[in-house]
Amino acid sequence: MPALVSARRLALAAGIATLVGCAHQPAPLYMWGSFPQQQYDILLRSGASPDAQMQAMQVQAEKAAAANKALPPGFRAHLGMLELNAGHAQRAKELFAAEKAAFPESAPYMDKLLGKLDSRTQPANTKTPA
Amino acid sequence: MSTIRLLPMALVAALAVLGGCANKPVPYDYTAFRQANPRTLLVLPPINDSPDVKASSSVWAQATLPLAEAGYYVLPVTLVDETFRQNGIQTASDAQDIPREKLRDFFGADAAVYIKVTKYGTTYHVISSDTVVEAQARIVDLRSGALLWEGRAAASSSEQGNGNNSLAVLLVSAVVKQIINTTTDAAYGYAGIADSRLLGPRVNGVLPGPRSPAYGKEIAAQ
Chain P
1 MPALVSARRL ALAAGIATLV GCAHQPAPLY MWGSFPQQQY DILLRSGASP DAQMQAMQVQ
61 AEKAAAANKA LPPGFRAHLG MLELNAGHAQ RAKELFAAEK AAFPESAPYM DKLLGKLDSR
121 TQPANTKTPA
Chain B
1001 MSTIRLLPMA LVAALAVLGG CANKPVPYDY TAFRQANPRT LLVLPPINDS PDVKASSSVW
1061 AQATLPLAEA GYYVLPVTLV DETFRQNGIQ TASDAQDIPR EKLRDFFGAD AAVYIKVTKY
1121 GTTYHVISSD TVVEAQARIV DLRSGALLWE GRAAASSSEQ GNGNNSLAVL LVSAVVKQII
1181 NTTTDAAYGY AGIADSRLLG PRVNGVLPGP RSPAYGKEIA AQ
């Protein structure tokens, strides 16, 4: 009886090994968390609270840092946009710069966004609490 | 007796070989893709041919993951969306009609990903409901205008086992499925699967990009 069970297990394991062998997946490059869903919520403009999302993203960023995992492309820039829309221009600048540092490929676009921020945030900055 | 026992085993073995890794579709011609060697991708808002207004956002939001995991820098779609809106671009087809030189100049991406959603959502039948997402994509070099890659993929709730029981049970499960599918935005989940099938690693799929450990290697032999 135990021999039969172990034979079945062996066959099952062999079957799974065959299936997995074809579809071998390397370790992910990034820790995604809820980032795709967060982008979806913002694209939909469905009234999902940006404040709640900013907080959730902070937690995700801390988790990734603690686990020594990389944040995905666009994560910092997306958070920067939310900060900007909440009136935190300085924080947005830091995050756009952080996106650029993590992904130098983003430089042309980030520089455009940063340039635009510089030209329009001078008066707004005085109102922003530190 | 022994042949009767062996026959099913042989059949299983034959099916495993046929159904496993041994499918050999016509190899994709990657000449233009390799020559262009893009590092950054701009995914444009997908054109939606389905009746569901959420289709474009859903497929767009989930296209970044497979492409980033494939080793590309993907421009943040929510910022791209905002940039288009601030510049008076209201629809996906308007965005996809922008001349490539302008896209290249503004976003600095090497290539753009043009997606069209051909099916999205749940259709209700008498005894079952199906959620289907189907999309096609083209990757175009923004520097030269060359077509680097194109493909299509789908994901559907009917892929999962439907094999059961009496009509009464089926009627109930159709209603339940319908409720689940609408309340939890089921199509969003299938859009994620369709996106990863469309843009993720596979035979004749998008080549691995510079940030991937598989960069320079193909999924299948030539």
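Protein chains in written order, with my numbering: chain P, 1 to 130; chain B, 1001 to 1222. Just so it is clear, CB atoms sit at the ideal spot from N, CA and C, and this is done for glycine as well.
- Counted as a single uninterrupted DSSP element, the beta strand (DSSP E) harbouring I1115 of chain B occupies residues 1111 to 1124.
- Of all residues in the segment 56 to 77 of chain P, the ones placed with a Cβ closer than 7 Å to any Cβ belonging to chain B are P72, P73, G74, A77, in chain order.
- Among the CB atoms of chain P, none fall inside 8 Å of the CB of Q1096 of chain B.
- Under the 8 Å Cβ criterion, the segment 1190 to 1209 of chain B counts as touching the segment 1060 to 1074 of chain B, having at least three qualifying pairs.
- Among the residues facing chain B, Q90 of chain P is not included, as its CB has no counterpart in that chain under 8 Å away.
- Looking only at P:W32, P:A70, P:L79, P:F35, the smallest Cα-Cα distance to D51 of chain P is reached by P:L79.
- In the assembly as shown, Q1090 of chain B is an exposed residue. Its beta-carbon has fewer than 16 other beta-carbons within 10 Å.
- Within its own chain, the residues whose Cβ lies closer than 6 Å to the Cβ of A107 of chain P, once the five positions on either side in sequence are excluded, are K100, listed in chain order.
- Three or more Cβ pairs closer than 8 Å define a contact, and the segment 40 to 47 of chain P meets that threshold against the segment 1075 to 1089 of chain B.
- Straight across, the Cα-Cα distance linking S1129 of chain B with Y1188 of chain B is about 16 Å.
- The beta-carbon separation of L1067 of chain B and V1203 of chain B, rounded to 17 Å, does not stay under the 8 Å limit for a contact.
- Here DSSP, grouped into helix, strand and coil, assigns I1193 of chain B to helix.
- According to DSSP, residue pairing for R1138 of chain B in a beta bridge involves B:Y1114, B:E1150.
- Contact between the segment 1038 to 1049 of chain B and the segment 1109 to 1117 of chain B is present: three or more C-beta pairs spanning the two stretches fall below 8 Å.
- The residue from B:K1217, B:G1145, B:S1058 with its alpha-carbon nearest to that of E1101 of chain B is B:G1145.
- Residue-level contact check: L1065 of chain B touches chain P, since one or more beta carbons of chain P fall below 8 Å from its beta carbon.
- Nearest to G74 of chain P by C-alpha distance, out of P:N68, P:A67, P:L82, is P:L82.
- Not a single CB atom of chain P sits nearer than 8 Å to the CB of A1194 of chain B.
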